[in-house]
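Chemist:
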Amino acid sequence: ALLTPPVLAYPDMNKPFMLTCDASNSAIGFVLGQLDSQRKERVIAFGGKSLSKTEQVWNTTEKECYAVVQGVKTFNTYLATGKFTIYTDHKALTYLMNQKANTGKLTRWAMDLQHYNFEIKYRKGCNNQVADALSRRSYPEQPDDENEVAAVKVSEVNTRTEASGNDKTSESIQVEFFYDDYTMVAPLDPVIARPELSNLPAIAKLQQNCHDFGNMYKFLTQGILPADNDQSSKVQKSAQDYSICNNVLYKWFQKRVRVDNGEKWIKQLCLPQALREDALLSYHDSFVGGAHLGIERVYHALSLKYFWPKMHQSIENYIRSCDRCQRIKRDTKGKKPPLNPLPVDTTFERWHMDFLKLSKTNEGYSYVLLLVDSFSKWSEAFPMKTQEASEVAKVLFREIISRYGAMKCLVTDLGRNFVSNLVNALCEMLNITRHHTSSYHPTDKWISGKDQ
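Below is the structure:
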């Protein structure tokens, strides 16, 4: 009942998260939550783990801080990109990030949390009942030197290998996925966040039979090149980026910037075709590990551990075909409506008007008021000494409206002489619709500088 609605809620990546932590003498507990539209705190996921014998002798501050670190680590997928709030009933932790003289474990943990954007707030113990209860329940015993590893899924992969003649043999290979810590989450999908592939001999066998890695595997283990010259040349050129470790093929990838552990090279497991769908399902669809993240974030997470040719394209195709993402996620880029020309039915229905500046004549004229009929391209120009609105209204009424009749639409820019009260009053009186273009942007106008 604790793992189904209305107790658990779906995460909203547009809202800030809340992480509530607590520790007891034997275990730690943490709760990831959010505030709903009624400002009521809703649980996203529960988590906790037992303390080893070494950890049980830590002082209270160290245990409480350890609960915070483990909580952030467990829910890193949700907390890594946005600001969140940590609640604890141990008031000393509210000063954790401000202390300059910390030493030992507290200093290391504070440094581990520095790249997160969070705020630590104090919550009374009587109001911290959920995390407190999680810290007092029993968990699998924790060894002193190893983190707890819990198997959560075993997937069966059916592979086909060519046998003698035209017969094909079907072989079943089991691949187990593991994850750190003990976490209780909503059972949306039976997969996990950060899979570590065990059963390496099975992986090696799949690599040997994989179209993408079979040639490279044979070349590095047996020195055999493919018969095709193009394939042979390709294998020899890229062989320096691959290596065999424990009979498993890996690719070495050089990052432009150093990764978290300070190394510039990443050792990527060459993931065979048969296991790629499981990896994509785990890193994208999994409630804990994927949470239906975007293309780039899933690619970044997968590329830290795995490699296969055209990996980015595979991830993009997979996510773009995800039914849940297509139905729920909104388009952040937005779509601009197409630009269509204004329709014109007959002559003298729509006029475009603008000023053209010339050298001053002996008579004192410095401007030309240019009017063009958009349908027939009939143009008329009138010399002007000023650009005053009164002069514009006078020419418009006497020279255009009086001769050709009142137009349906008048198009101008946003010049003060064109949007003045006088010109607007004239258009309103004659029922003329006004359309405006941007000032100082001649490409927006039908009368461009070239036309002038």
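For the sequence shown, position 240 matches number 240 in full-length UniProt numbering, and the numbering has no gaps at all.
Glycine included, C-beta positions come from ideal geometry on N, C-alpha and C.
(1) At what residue ranges does the region 15-50 contain a whole run of the beta strand (DSSP E), taking only runs of 3 or more?
(2) Would you say the region 332-346 touches the region 306-316, given that touching needs at least three Cβ pairs under 8 Å?
(3) In terms of residues, what are the limits of the alpha helix (DSSP H) holding K53?
(4) Tell me where the beta strand (DSSP E) around S359 begins and ends.
(5) Name the DSSP beta bridge partners of Y87, please?
(6) Please work out which residues of its chain come closer than 8 Å, Cβ to Cβ, to Q34, disregarding the five sequence neighbours upstream and downstream, and give them in chain order.
(7) Nearest by alpha-carbon distance to T433: which of D413, Y440 and M407 is it?
(8) For W351, count the other beta carbons within 10 Å of its own beta carbon; 16 or more makes it buried, fewer makes it exposed. Which is it?
(9) Looking at the structure shown, is H312 part of a helix, part of a strand, or coil, going by DSSP?
(10) Skipping 5 residues on each side, what residues in its chain have a beta carbon closer than 6 Å to that of Q395?
(11) In its own chain, which residues sit with a C-beta less than 6 Å from the C-beta of L206, not counting the 5 before and 5 after it?
(12) If we ignore side chains and look at the alpha-carbon of each, how far apart do L426 and S321 end up?
(13) CA-CA distance, R324 and S243?
(14) Can you list, in chain order, the stretches of the beta strand (DSSP E) that have 3 or more residues and sit fully within the region 214-284?
(15) What did DSSP end up calling residue 453 once you bin it into helix, strand or coil?
(16) Go ahead and pull the three-state DSSP assignment for T433.
(17) How would you call Y122, buried or exposed, if buried means at least 16 neighbouring beta carbons within 10 angstroms?
(18) Among residues of its own chain, excluding the 5 on either side of Q254, which ones have a beta-carbon nearer than 7 Å to its beta-carbon?
(19) Who are the Cβ neighbours of N215 in its own chain at under 7 Å, not counting the five residues just before and after it?
(20) In or out: R276 buried (at least 16 other Cβ within 10 Å) or exposed?
(21) Tell me the DSSP secondary structure of E141 in three-state form.
(22) Are the beta-carbon atoms belonging to L93 and E64 less than 9 Å from one another?
(23) Quick one: using the 10 Å Cβ neighbour count with 16 as the cut-off for buried, is L280 buried or exposed?
(24) So the beta strand (DSSP E) E380 belongs to, where does it begin and stop?
(25) Go ahead and pull the three-state DSSP assignment for H211.
(26) Please classify A67: is it buried, with 16 or more other beta-carbons within 10 angstroms of its beta-carbon, or exposed?
(27) I'd like the list of long-range same chain contacts for V423, defined as Cβ closer than 8 Å, with 5 residues on each side in sequence excluded.
(28) Taking L302 as part of the beta strand (DSSP E), name the residues at either end of that continuous run.
(29) Starting from V344, follow the beta strand (DSSP E) in both directions and report where the run begins and ends.
(30) When we look at the beta-carbon of N128 and count the other beta-carbons within 10 Å, is it buried (16 or more) or exposed?
(31) From D112 to H90, what does the alpha carbon distance come to, in whole angstroms?
(32) Kindly identify the DSSP beta-bridge partner or partners of W351.
(33) Can you grab the Cα-Cα spacing for the pair G405 / F348, in whole Å?
(34) Check F75 in the structure and name its three-state DSSP category.
(35) Go to S390, then tell me how far its alpha helix (DSSP H) extends in each direction, as first and last residue.
Modeler: Inspection of the coordinates gives the following:
(1) With a minimum length of 3 residues, the continuous beta strand (DSSP E) runs that stay inside the region 15-50 are 17-23, 27-35 and 41-50.
(2) In the pairwise beta carbon analysis, the region 332-346 is classified as not touching the region 306-316: fewer than three pairs are separated by under 8 Å.
(3) Numbered from 1 along the sequence shown, position 53 holds the residue referred to as residue 53. K53 -> alpha helix (DSSP H) spans K53 to Q56.
(4) Within the sequence shown, numbered from 1, the residue matching residue 359 stands at position 359. In this chain, S359 is not harboured by any beta strand (DSSP E), its DSSP state being neither H nor E.
(5) Sequence index remark: in the sequence shown, residue 87 carries index 87 (1-based). Per DSSP, the beta bridge partners of Y87 are T20 and K121.
(6) The residue labelled residue 34 in the question sits at position 34 within the sequence shown. Sequence-distant Cβ neighbours of Q34 in its own chain, meaning closer than 8 Å and more than five residues away, are A9, P11, D12, K15, P16, F17, M18, E41, R42 and I44.
(7) Walking along the sequence shown from the start, residue 433 turns up at place 433. The residue with the shortest Cα to Cα distance from T433 is M407.
(8) Mapped onto the sequence shown, residue 351 falls at position 351. It is buried - the Cβ of W351 has at least 16 other Cβ atoms within 10 Å.
(9) As a working note, residue 312 is residue 312 in the sequence shown. In this structure, DSSP gives H312 a helical state, which the three-state scheme calls helix.
(10) As a first step, residue 395 is located in the sequence shown; it is residue number 395 there, counting from the start. First, the residue type needs correcting, since residue 395 is Val and not Gln in the sequence shown. Excluding the 5 residues flanking it on each side, V395 has same chain C-beta neighbours closer than 6 Å at L369 and F382, in chain order.
(11) Position 206 of the sequence shown, counting from 1, holds the residue named residue 206. So the qualifying residues of the chain are P272 and A274.
(12) On the sequence shown, position 426 is the one that residue 426 refers to. On the sequence shown, position 321 is the one that residue 321 refers to. Looking at the two C-alpha atoms, the distance is approximately 57 Å.
(13) Position 324 of the sequence shown, counted from the start, is the residue given in the question as residue 324. Position 243 of the sequence shown, counted from the start, is the residue given in the question as residue 243. Rounded to the nearest whole angstrom, the CA to CA distance from R324 to S243 is 38 Å.
(14) Secondary structure remark: continuous beta strand (DSSP E) runs of at least 3 residues inside the region 214-284, in chain order: 242-245, 248-254 and 265-270.
(15) Absent from the structure is residue 453, since the part of the chain shown begins at 1 and ends at 452.
(16) The residue you call residue 433 lines up with position 433 of the sequence shown. Strand at T433.
(17) If you number the sequence shown from 1, residue 122 lands on position 122. Around the Cβ of Y122, a 10 Å sphere holds fewer than 16 other Cβ atoms; the residue is exposed.
(18) As a working note, residue 254 is residue 254 in the sequence shown. Sequence-distant Cβ neighbours of Q254 in its own chain, meaning closer than 7 Å and more than five residues away, are K264 and W265.
(19) Here residue 215 refers to the residue found at position 215 when the sequence shown is read from its first residue. Taken in chain order, the residues that qualify are P226, Q231 and V235.
(20) Here residue 276 refers to the residue found at position 276 of the sequence shown. Buried.
(21) Against the sequence shown, residue 141 aligns to sequence position 141. The three-state reading of DSSP puts E141 in coil, since its state is none of H, G, I, E or B.
(22) Indexing the sequence shown from 1 puts residue 93 at position 93. Indexing the sequence shown from 1 puts residue 64 at position 64. Yes.
(23) Along the sequence shown, one-based indexing puts residue 280 at 280. Its Cβ being crowded by 16 or more others within 10 Å, L280 is buried.
(24) Translated into positions along the sequence shown, residue 380 becomes position 380. For E380, the uninterrupted beta strand (DSSP E) segment begins and ends at S379 to M384.
(25) Position 211 of the sequence shown, counted from the start, is the residue given in the question as residue 211. When DSSP states are grouped into helix, strand and coil, H211 belongs to the coil group.
(26) In the sequence shown, residue 67 corresponds to position 67, counting from 1. With a 10 Å radius around the Cβ and a threshold of 16 neighbouring Cβ atoms, A67 comes out buried.
(27) Taking the first residue of the sequence shown as 1, we reach residue 423 at position 423. Here the set comprises A389, V392, A393, L396 and N417.
(28) Reading the sequence shown from its first residue, position 302 is the one you call residue 302. Per DSSP, L302 belongs to no beta strand (DSSP E); it is in the alpha helix (DSSP H), I295 to S303.
(29) In the sequence shown, counting from the first residue as 1, residue 344 sits at position 344. From DSSP, V344 is part of no beta strand (DSSP E); its letter is neither H nor E.
(30) Against the sequence shown, residue 128 aligns to sequence position 128. Classification for N128: buried.
(31) As a first step, residue 112 must be located in the sequence shown, where it is residue number 112. As a first step, residue 90 must be located in the sequence shown, where it is residue number 90. Cα to Cα, D112 sits roughly 19 Å from H90.
(32) For the purposes of this step, residue 351 is taken as residue 351 along the sequence shown, with counting starting at 1. Under the DSSP definition of a beta bridge, W351 partners with D373 and L410.
(33) Locating residue 405 in the sequence shown gives position 405, counting from the first residue. Locating residue 348 in the sequence shown gives position 348, counting from the first residue. Roughly 8 Å between the two C-alpha positions.
(34) Walking along the sequence shown from the start, residue 75 turns up at place 75. The answer is coil: DSSP assigns F75 none of H, G, I, E or B.
(35) Counted from its first residue, the sequence shown places residue 390 at position 390. Annotation: the continuous alpha helix (DSSP H) that includes S390 extends over A389 to V395.
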